[in-house]
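From first to last, the protein sequence lines are chains P and F. Numbers 4 to 278, taken from the working numbering, label the letters of the first sequence in order. Numbers 109 to 451, taken from the working numbering, label the letters of the second sequence in order. Ideal placement from N, C-alpha and C gives every residue a C-beta, glycine not left out. Keep in mind that this is a model prediction, so the values were computed, not measured.
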Amino acid sequence: MAQANPYEVSAAEIYEIIEESPTIRTLRVKPEKPIPFKTGQFIELTIPNIGEGPFTPSSSHYISDKMDITIMKTGFVTEYVHKAKVGDRIGIRGPYGTNYPIDEWRGKDVLIMGGGVGMAPTRSLFTSLLHDIDNYNSITFLAGARTPNDMIYKQHIQGWREIDKVNFLRSVDRVPEGEEWSEEVCLITKLLDKIDINPKDNPVVVCGPPIMMKFGTMDLLKYGYAEKDIYLSMEKKMYCGIGHCRHCVIGKYYACKDGPVFTYDKILNEENIWE
Amino acid sequence: MIVKAEDFLSFLIKCQKESLGGFQQVIVPRKSKNVEEVQQLFTEICDNTDVVLDSYRTIDPLRALFYFSRETLLPADKAKKRLIVGAKGCDMAAFQILDKALINEDFVDPVYQAWREQTTIISTDCTEIGDSCHCTLVKGKPYTDQNYDMNLSAINGNYLITVGSEKGEELLKIMKDTIFLSQPHGNEKETIKKNRKAIEEKLKQQNSKYIRSEDYGNLRKSDIEGWIEDSKQCIGCGGCTNICPTCYCIIVNDETTGKEFVKVRSYDSCQLHGYAKVAGGDSPRPKMYQRFRNRYLCKFDYMKSNFDLIGCTGCGRCIDVCAGEIEFREVVRKNMQLSKVQE
Numbered sequence: 004m005a006q007a008n009p010y011e012v013s014a015a016e017i018y019e020i021i022e023e024s025p026t027i028r029t030l031r032v033k034p035e036k037p038i039p040f041k042t043g044q045f046i047e048l049t050i051p052n053i054g055e056g057p058f059t060p061s062s063s064h065y066i067s068d069k070m071d072i073t074i075m076k077t078g079f080v081t082e083y084v085h086k087a088k089v090g091d092r093i094g095i096r097g098p099y100g101t102n103y104p105i106d107e108w109r110g111k112d113v114l115i116m117g118g119g120v121g122m123a124p125t126r127s128l129f130t131s132l133l134h135d136i137d138n139y140n141s142i143t144f145l146a147g148a149r150t151p152n153d154m155i156y157k158q159h160i161q162g163w164r165e166i167d168k169v170n171f172l173r174s175v176d177r178v179p180e181g182e183e184w185s186e187e188v189c190l191i192t193k194l195l196d197k198i199d200i201n202p203k204d205n206p207v208v209v210c211g212p213p214i215m216m217k218f219g220t221m222d223l224l225k226y227g228y229a230e231k232d233i234y235l236s237m238e239k240k241m242y243c244g245i246g247h248c249r250h251c252v253i254g255k256y257y258a259c260k261d262g263p264v265f266t267y268d269k270i271l272n273e274e275n276i277w278e
Numbered sequence: 109m110i111v112k113a114e115d116f117l118s119f120l121i122k123c124q125k126e127s128l129g130g131f132q133q134v135i136v137p138r139k140s141k142n143v144e145e146v147q148q149l150f151t152e153i154c155d156n157t158d159v160v161l162d163s164y165r166t167i168d169p170l171r172a173l174f175y176f177s178r179e180t181l182l183p184a185d186k187a188k189k190r191l192i193v194g195a196k197g198c199d200m201a202a203f204q205i206l207d208k209a210l211i212n213e214d215f216v217d218p219v220y221q222a223w224r225e226q227t228t229i230i231s232t233d234c235t236e237i238g239d240s241c242h243c244t245l246v247k248g249k250p251y252t253d254q255n256y257d258m259n260l261s262a263i264n265g266n267y268l269i270t271v272g273s274e275k276g277e278e279l280l281k282i283m284k285d286t287i288f289l290s291q292p293h294g295n296e297k298e299t300i301k302k303n304r305k306a307i308e309e310k311l312k313q314q315n316s317k318y319i320r321s322e323d324y325g326n327l328r329k330s331d332i333e334g335w336i337e338d339s340k341q342c343i344g345c346g347g348c349t350n351i352c353p354t355c356y357c358i359i360v361n362d363e364t365t366g367k368e369f370v371k372v373r374s375y376d377s378c379q380l381h382g383y384a385k386v387a388g389g390d391s392p393r394p395k396m397y398q399r400f401r402n403r404y405l406c407k408f409d410y411m412k413s414n415f416d417l418i419g420c421t422g423c424g425r426c427i428d429v430c431a432g433e434i435e436f437r438e439v440v441r442k443n444m445q446l447s448k449v450q451e
């Protein structure tokens with residue numbers, strides 16, 4: 004009967020901060036105790052006396068003594084995340100929720116679509132896949148951002164592109180004056196036209212702003228992907244993380260417990276899933 | 109066993125004063141001085157408390173004594189050993205939802221669990237009904253026949269005691285040592301059965317105009333226009349959810365000031381505008397009618413999927429509390445009918 008308090012928080016120290024874009028930064032943290040997780044799961048990050056919020060680690064799940072968490076400045080707590088300094092103490096509880104079932108994907112062609120800060124969870128997935136790259140037939144990563152300055156993980160691209168079996172395409176919606184860009188200029192969904200697609204029994208992961216997830220999913224269905232093979236990261240307001248506060252419910256499902264990773268077939272009959 | 113009502117009251121006061129059985133607190137329904145109607149509120153007993161053990165449910169839900177409006181989860185608040193008397197069928201039925209939601213194999217709310225473990229509950233049969241009472245409409249009863257520690261059924265100024273758990277056994281021992289309990293004559297059970305039936309009939313009669321089909325899965329198919337119309341009276345205050353015996357939505361706040369992390373939970377309401385809004389401003393239910401409809405779907409559809417039970421125990425408190433005078437029973441009936449038409 005006696006279970007651990009699910010609200011127990013582990014302290015962690017920020018040892019490095021990477022400014023990825025004007026609004027997105029990656030906190031690199033060292034928890035006091037290792038935090039093992041499966042890629043796709045999320046944690047609740049505490050800024051002491053300010054608040055906490057759900058974030059998906061962006062580092063590989065093969066690393067548990069350190070963690071990267073990429074966060075966009077978009078609300079109250081994240082404003083303080085963007086004021087944090089190296090050496091600051093934060094809190095982490097979790098991990099919670101479902102993960103990407105990468106063991107089931109052996110021998111397959113894995114397609115990943117990450118838009119904006121949605122590249123964060125997919126970077127965790129991608130780097131976890133790279134750990135055992137021999138297990139997969141190929142990995143295609145389609146990355147999208149509004150402008151070149153908004154594109155994150157720039158420093159890693161070169162290295163990722165040099166890996167065999169990896170195809171890494173990037174696009175931006177537009178190139179404002181004064182910014183440079185030599186890659187695609189289109190919506191991320193248009194990148195699907197530029198790759199070889201093999202939808203039969205192969206998984207595809209979509210993570211990004213709701214509008215991209217919605218139209219990405221619609222396009223993938225047109226390309227022939229099965230509903231059960233489309234993995235969506237349904238990030239809702241996961242307050243408690245443990246299915247007690249009900250803020251994140253998608254109909255009968257809890258995004259925090261039954262998700263955040265859902266296959267499309269599971270939730271397609273629920274209401275307002277894209278909002 | 110049979111106990112005289114006055115003896116039982118003196119036992120409760122003695123229990124509170126002398127911490128009999130280790131109880132640090134004895135909580136009873138007392139008459140409300142502010143309301144003209146006969147309605148009760150839970151309170152800690154003292155010498156001059158106007159105790160009302162019978163009648164019908166209290167204004168405040170029993171849930172609020174197990175899941176307070178604000179509690180510290182980390183480090184987890186400690187619970188007192190308590191005796192709560194006068195719980196009614198609708199509130200007891202709510203535990204079937206709350207226990208599944210908050211003490212499950214995945215995660216346990218440590219504070220709720222502590223209150224559940226530390227509390228002995230004596231339920232009492234309803235002897236009257238309120239205007240909004242409708243337990244029979246949701247397959248409930250105006251008395252408790254399961255999950256109680258001890259139940260008291262009123263009979264001619266006395267109570268028939270039924271024990272329902274080990275905690276109830278222990279309590280009975282203490283009662284035997286403290287006050288006089290007599291053996292039943294034999295026909296009490298029959299009389300009580302009759303009394304219960306009479307109250308049930310009253311409830312059924314009162315609610316006959318609200319009878320609806322029980323295929324609540326159809327509720328979500330009903331015409332959206334109907335919900336828009338019904339929600340026009342709603343001011344989105346969240347009173348209905350705060351007073352509901354099965355609602356348990358909370359927010360978790362961080363109140364860390366020192367080295368130890370501190371997490372506090374407080375009530376929230378799906379009727380409030382900011383409820384499901386995420387950072388950046390997106391919300392799955394930005395309009396009032398969507399949030400209004402969500403409460404009904406949560407109770408009759410989502411909770412049914414989650415817990416195999418509907419989330420309404422028919423207490424009617426949401427009707428009493430509503431500033432917009434929304435008749436919950438009528439909204440359900442109407443929208444169940446609309447969904448039928450559409451099929």
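- Taking C-alpha positions only, residue 150(P) is separated from residue 322(F) by approximately 53 Å.
- Closest by C-alpha distance to residue 374(F), out of 357(F), 368(F), 381(F), 380(F), is 357(F).
- Here residue 310(F) has 237 as same chain residues with Cβ atoms under 6 Å from its own Cβ, once five neighbours each way along the sequence are excluded.
- When the five nearest sequence neighbours on each side are left out, no beta carbon in the same chain lies closer than 7 Å to the beta carbon of residue 298(F).
- For residue 13(P), the enclosing beta strand (DSSP E) has its first and last residue at 13 to 22.
- Annotated as distal: residue 172(P) and residue 132(P), with beta-carbon spacing of 7 Å or more.
- Residue contact check for residue 120(P) against chain F: no CB pair falls below 7 Å.
- In the same chain as residue 66(P), and ignoring 5 residues on each side of it, no C-beta atom comes closer than 7 Å to its own.
- Close partners of residue 195(F) in chain P (Cβ separation under 9 Å) are lacking, with about 23 Å as the shortest Cβ gap.
- When the five nearest sequence neighbours on each side are left out, the beta carbons in the same chain lying within less than 7 Å of the beta carbon of residue 200(F) are those of 231, 252, 255, 256, in order along the chain.
- At a C-beta separation below 9 Å, residue 9(P) has these neighbours in chain F: 181, 214, 215, 216, 217, 218.
- By alpha-carbon distance to residue 32(P), the top candidate from 52(P), 82(P), 94(P), 80(P) is 94(P).
- For residue 51(P), a Cβ of chain F is located within less than 7 Å of the residue's own Cβ.
- Separation of the CB atoms of residue 181(F) and residue 371(F) is rounded to 5 Å, and the pair is thereby assigned contact status at 8 Å.
- Judged by DSSP in its simplified three-state form, residue 165(F) adopts coil rather than helix or strand.
- Under the criterion of beta carbons closer than 8 Å, residue 364(F) and residue 308(F) do not qualify as touching, at roughly 51 Å.
- For residue 123(F), the enclosing alpha helix (DSSP H) starts and ends at 113 to 126.
- The beta carbons of residue 12(P) and residue 369(F) sit closer together than 7 Å.
- Contact of residue 101(P) with chain F is not assigned, every C-beta pair being separated by 7 Å or more.
- Along the length of the region 257 to 321 of chain F, whole alpha helix (DSSP H) runs at least 4 residues long occupy 274 to 286, 296 to 314, reported in chain order.
- For residue 183(F), no alpha helix (DSSP H) run applies, since DSSP gives it neither H nor E.
- The beta carbon of residue 184(F) sits closer than 7 Å to some beta carbon of chain P.
- Counting of Cβ neighbours within 10 angstroms places residue 202(F) among the buried residues, the total reaching 16 or more.
- For chain F, the residues of the region 189 to 213 of chain P that bring a beta carbon within less than 8 Å of one of its beta carbons are 213, in chain order.
- Residue-level contact by beta carbon holds for residue 371(F) and chain P, with a gap shorter than 7 Å.
- When the alpha-carbon of residue 265(F) is set against those of 137(F), 300(F), 316(F), the nearest one is in 300(F).
- The alpha helix (DSSP H) runs of length 4 or more contained entirely in the region 193 to 239 of chain P are, from start to end of the chain, 213 to 225.
- Counting along the chain, no beta strand (DSSP E) covers residue 147(F), and no H or E run does either.
- For residue 97(P), the enclosing beta strand (DSSP E) covers residues 92 to 99.
- In the same chain as residue 355(F), and ignoring 5 residues on each side of it, the C-beta atoms closer than 7 Å to its own belong to 349, in chain order.
- The Cβ of residue 278(P) sits closer than 7 Å to at least one Cβ of chain F.
- With its beta carbon at least 7 Å from every one in chain F, residue 64(P) lies outside the interface.
- By the Cβ neighbour-count rule, residue 413(F) is exposed, with fewer than 16 other Cβ atoms within 10 Å of its own.
- Between the region 176 to 193 of chain F and the region 217 to 228 of chain F, the count of C-beta pairs closer than 8 Å reaches three or more; the two stretches touch.
- Within the region 245 to 268 of chain P, contact with chain F at the beta-carbon level (separation under 7 Å) is assigned to 245, 246, 247, 248, 249, 250, 252, 254, 255, 260.
- In the displayed model, residue 374(F) falls within a strand according to three-state DSSP.
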